[in-house]
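Q: Each number in the working numbering corresponds to the 1-based position in the sequence shown with 4 added.
Have a look at this one.
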Amino acid sequence: MPLPSFSQGEKMKKREKFLHFQRKEGVGKREKTKERVFKKENFPPGFLPEKGNFFSTFLLFASLTLPLLGNQIDKNVQWNHYQLSHYRPPLEDYRRGCLSSDPQQQIWGCYNWGLAIMEKNGQKALHLFQKACQLGSAEGCYSVGLLLFDGTRGVKKDWKRALPYLEKGCKLGEGLSCRLAGKIHLHRAKRSFQRAHQLEPSLPQ
């Protein structure tokens, strides 16, 4: 079937209808806006991409959008910094938990309260860890043993006192407690062998 042919006048009428449709739907407005925004007079020479140049178009897009993205990233970083700088541990929640009648709340409260104040008050933290350990906290037992093993944060070094807490923490499943308890036993064993050799030089080392 042959395609219909149109006269020049019919073609002009169809084009006018199409342009009318564009104006009605806002297409013409968008095109005019683009033309107004991207006028060559609004940009330095050579800034606008040449027609058909993909790389130049990409550079233009990046130059217009990346600054906006960067501003948003800066705002997010500033907000996160603000939150961190104003964060305070919920000491009152820990204190209430530690003083409650519920054993699980006591363990949670005393242990976390001790962690929160350990840097400033090692003795108070030691007391709180001891309470958590007595209630069955493996982490509490290890924390008591560690403070006594290292002798830091105002707590006097005392391996003899540390060992029972480390052994209890080991029994409750805290691997680090087992390791420190093993170090103390190994140190004691070496001293015993040295003492035995001093008393009986003929014994094998």
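The beta carbon of each residue, even a glycine, is placed where N, CA and C say it ideally should be.
1. One question on the structure: do TYR98 and CYS137 come within less than 8 Å of each other, judged by their Cβ atoms?
2. For VAL159, which residues in the same chain have their Cβ closer than 8 Å to its Cβ, ignoring the five residues on either side in sequence?
3. With 16 as the cutoff for other CB atoms within 10 Å, does LYS110 come out buried or exposed?
4. Run the CB neighbour count on GLU143, radius 10 Å, all protein chains shown included, and call it buried at 16 or more, exposed below.
5. For LEU184, is the classification buried or exposed, using 16 other Cβ atoms within 10 angstroms of its Cβ as the cut-off for buried?
6. Look up VAL148 in the DSSP assignment and say whether it is helix, strand or coil.
7. Can you find a heavy atom of the ligand ADP that lies under 7 Å from the Cβ of ALA120?
8. Could you tell me the alpha carbon to alpha carbon distance between LEU203 and LYS164, rounded to whole angstroms?
9. Buried or exposed for LEU190, going by 16 or more other Cβ atoms inside 10 Å?
10. If I follow the unbroken alpha helix (DSSP H) through ARG192, where does it start and stop?
11. Could you give the distance in angstroms between the alpha-carbon of ALA166 and the alpha-carbon of PRO107?
12. Tell me whether GLY113 sits in a helix, a strand or coil according to DSSP, three-state version.
13. Determine the direct distance from the alpha carbon of SER141 to that of LEU176, and round the result to whole angstroms.
14. So, is SER181 buried or exposed, given that buried needs 16 or more other C-beta atoms within 10 angstroms?
A: This is what the structure holds:
1. no
2. GLY126, GLN127, LEU130, LEU151 and LEU152
3. In the sequence on display, residue 110 carries Gln and not Lys. Buried.
4. buried
5. buried
6. helix
7. Although the ligand ADP was asked about, the structure shown includes no ligands whatsoever.
8. 24 Å
9. exposed
10. 179-203
11. 24 Å
12. helix
13. 8 Å
14. buried
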